[in-house]
Amino acid sequence: MNPITSHFFRPLLLFLVIFKFALSFLSVHPAYQLQRDEYLYLDEANHLAWGFLEVPPALAVQAWITKAFGNSWYMVRFWPALFGALTMLVIGFMVKRLNGGWFALALAGIGFLASAYLRVNILFQPNALEFLFWSVYLYFLICYIQQPKAYYLYALGITIGLGLLNKYSIIFFLAGTFPALLLSPQRTLLLQRHFYGAIIIALLIFLPNIIWQVQHNIPFWQHMQELKRNQLDLVKPKDFLLDQLLMNLPALFIWLAGLLALFLANWARPYRLIGWIYVAVIAIFLLLHGKSYYALGLYPVLLAFGGVTWEHLLNKKHQFYLRPILLVLSLAVMAPLVPLLLPVLSPEATSQYCQKFKATGVLRWEDGQDHLLPQDYADMLGWAEMAGLVRQAYATLSDKERTEAIIWCDNYGEAGAVNFYNAAYNLPRAHSTNASYALWCPAVVDSNVVILVSEEAPTDLLPHFQSAQIIGQLKNPLIRENGAHVSILRKPDAFILQRLNAEIAAERRKFEIE
Numbered sequence: 001m002n003p004i005t006s007h008f009f010r011p012l013l014l015f016l017v018i019f020k021f022a023l024s025f026l027s028v029h030p031a032y033q034l035q036r037d038e039y040l041y042l043d044e045a046n047h048l049a050w051g052f053l054e055v056p057p058a059l060a061v062q063a064w065i066t067k068a069f070g071n072s073w074y075m076v077r078f079w080p081a082l083f084g085a086l087t088m089l090v091i092g093f094m095v096k097r098l099n100g101g102w103f104a105l106a107l108a109g110i111g112f113l114a115s116a117y118l119r120v121n122i123l124f125q126p127n128a129l130e131f132l133f134w135s136v137y138l139y140f141l142i143c144y145i146q147q148p149k150a151y152y153l154y155a156l157g158i159t160i161g162l163g164l165l166n167k168y169s170i171i172f173f174l175a176g177t178f179p180a181l182l183l184s185p186q187r188t189l190l191l192q193r194h195f196y197g198a199i200i201i202a203l204l205i206f207l208p209n210i211i212w213q214v215q216h217n218i219p220f221w222q223h224m225q226e227l228k229r230n231q232l233d234l235v236k237p238k239d240f241l242l243d244q245l246l247m248n249l250p251a252l253f254i255w256l257a258g259l260l261a262l263f264l265a266n267w268a269r270p271y272r273l274i275g276w277i278y279v280a281v282i283a284i285f286l287l288l289h290g291k292s293y294y295a296l297g298l299y300p301v302l303l304a305f306g307g308v309t310w311e312h313l314l315n316k317k318h319q320f321y322l323r324p325i326l327l328v329l330s331l332a333v334m335a336p337l338v339p340l341l342l343p344v345l346s347p348e349a350t351s352q353y354c355q356k357f358k359a360t361g362v363l364r365w366e367d368g369q370d371h372l373l374p375q376d377y378a379d380m381l382g383w384a385e386m387a388g389l390v391r392q393a394y395a396t397l398s399d400k401e402r403t404e405a406i407i408w409c410d411n412y413g414e415a416g417a418v419n420f421y422n423a424a425y426n427l428p429r430a431h432s433t434n435a436s437y438a439l440w441c442p443a444v445v446d447s448n449v450v451i452l453v454s455e456e457a458p459t460d461l462l463p464h465f466q467s468a469q470i471i472g473q474l475k476n477p478l479i480r481e482n483g484a485h486v487s488i489l490r491k492p493d494a495f496i497l498q499r500l501n502a503e504i505a506a507e508r509r510k511f512e513i514e
């Protein structure tokens, strides 16, 4: 890297990192609330453990810190914004390692800004940190290929161990890496003791969660089986491959150039292992019907290689005029896609706008059907109103009834939102047997009053209660919880209590909860 290039590189990287961080706070229309999954993850702060049914404990630690700072919207958004900014930083480190200059950095950085990570980095979910970890793993591989020092292997082992404490999908990265090693000169790693030392370190870091999994009858496997039945089996391989193009469409010419360079360019030949990792992991996801976004951790490194590839291709003076064209190209392609990637418009305006892109599958939900809004957007609406109905229901109870009341919800989004928005109102905590709430619900329910939050009117339950009162219903076709009811059910009979307690007991046995 020449002195002039070096002079521009650092301030440009700093600008990209800061811009990426700030973008997460500036790109959400105020009509939107938090997303369904975020309420569950934030509630983990109240149940700290070495594991949960859906995820390992890393997100719970972030939730606990967020709660300590008041659970503000800005604090919730801080984490995905931070991890997105750090991923941008790692991309810059990759470009520098590959002897790329400011143009390679600018192209890779713009490619990262113009891809599906925009959505990822506004949501308090494990994905933002997961994709950061994948980028760090591949960065350490680049470092080791350049300088085969043992400490890079141990750094890789430490970060893999930490990554496993964030999300189990790191296993797919490892499953793809081992066959890729066999196809590359780096196969000699399999004969080195430091390689196995790094694996041992990763396992030791991950060990507390392994113990927790064993103690609870491996809920990860049960969760994956349920996910497979309800969602993954609906994923079609052709849709998965098409989504790989669509999720990163504005940066397609960048990351695809990086992937091709890994197999065809002489300068990238030493790093071909990374190309084989990409191919192997994609093949695994195709075989297992993985969701499209599972593969997003693979693209930051390809963006880095792509930026350097284009810099090599346009290194002659008469080709320099093409550089600004490429820099603008990603942004020009992204511009009409912004409302699909970020909730910058109102829900009503977004619904109208998305109809133009219906054929791309942007409106397709996990049920395989098209709806009025993208699923993440529909999952960011209606929760505060639902929690308000629960408060309204609780306010109608007498003092005696309040001591006997329980709030029961159909799903984790409802329970999490009710607990999040009503934390300051001294209401009893909402319960459910859905998701990790199965770990937290009471062992036995014998309440005389049930405030029920249900996706449907409690018609079939009415014969089993002395009285029923519907407090309100969510009526908005744009929200995923459209039609959900909040009701007060009084004096349950023995049958309904036995049925509910049998359901709770079955969940507790499933996860070996005493």
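Residue 514 is where the sequence shown ends in the UniProt record's numbering, and the numbering goes up by one at each step. Ideal placement from N, C-alpha and C gives every residue a C-beta, glycine not left out.
Helix, strand or coil at residue i [DSSP, three-state]
i, result
"Gly382", "coil"
"His431", "strand"
"Gly101", "coil"
"Gly472", "strand"
"Val445", "coil"
"Ala116", "coil"
"Trp408", "strand"
"Gly258", "helix"
"Pro477", "coil"
"Ser184", "coil"
"Tyr168", "coil"
"Asn127", "helix"
"Thr396", "coil"
"Pro148", "coil"
"Ser135", "helix"
"Glu512", "coil"
"Ala502", "helix"
"Ala268", "coil"
"Lys236", "coil"
"Ser292", "helix"
"Asn217", "coil"
"Phe69", "coil"
"Asn209", "helix"
"Ile277", "helix"
"Gln244", "helix"
One or two residues paired with residue i in a DSSP bridge
i, result
"Leu465", "In the sequence as displayed, the identity of residue 465 is Phe instead of Leu. DSSP, once it has assigned bridges, lists Pro492 as partnering Phe465."
"Arg364", "Asp370"
"Ala454", "Per the sequence presented here, residue 454 reads as Ser, with Ala not at that position. Its beta-bridge partners are His485."
Supposed contact pair residue j and residue i - C-beta distance, whole angstroms, cut 8 Å
i, j, result
"residue 576", "Gln35", "What is shown of the chain runs 1 to 514, which leaves residue 576 out entirely."
"Val95", "Ala85", "Between Ala85 and Val95 the Cβ distance is about 16 Å, and since that is not below 8 Å, they are no contact."
"Phe133", "Ile91", "Wrong, their Cβ atoms sit about 14 Å apart, outside the cutoff."
"Val344", "Cys354", "With a Cβ gap of about 12 Å, Val344 and Cys354 do not count as contacting."
"residue 548", "His312", "This structure cannot speak to residue 548, because the chain is shown only from 1 to 514."
"Ile282", "Ala295", "6 Å"
"Met247", "Tyr321", "The pair is not a contact, with the Cβ atoms about 30 Å apart (cut-off 8 Å)."
"Ile18", "Gly176", "Not confirmed; about 33 Å, so no contact."
"Val445", "Asn501", "6 Å"
"Phe285", "Phe172", "7 Å"
Short Cβ contact (9 Å threshold) for residue i with residue j
i, j, result
"Ile110", "Ala335", "no"
"Asn166", "Pro56", "yes"
"Glu414", "Ala430", "yes"
"Ile504", "His464", "no"
"Leu98", "Ile142", "yes"
"Ile471", "Ser454", "no"
"Leu241", "Ala198", "no"
"Tyr151", "Phe131", "no"
"Leu389", "Leu381", "no"
"Tyr41", "Ala60", "yes"
"Gly163", "Tyr137", "yes"
"Thr87", "Ser135", "yes"
"Phe124", "Gln33", "no"
"Gly306", "Leu452", "no"
"Gly100", "Val338", "no"
"Gly161", "Ile211", "no"
"Gln222", "Leu53", "yes"
"Leu183", "Leu288", "no"
"Ala457", "Gln469", "no"
"Ala114", "Leu259", "no"
"Thr66", "Ala45", "yes"
"Asn315", "Tyr39", "no"
heavy atom of the ligand FAD below 8 Å from residue i C-beta
i, result
"Leu462", "For the ligand FAD, the structure offers nothing, since it holds no ligand at all."
Legend entry - Segments assigned alpha helix (DSSP H), at least 4 residues, entirely inside the region 20-62: 36-43
Legend entry - Segments of 4+ residues assigned as alpha helix (DSSP H) that fall wholly inside the region 302-362: 322-334, 338-341, 347-354
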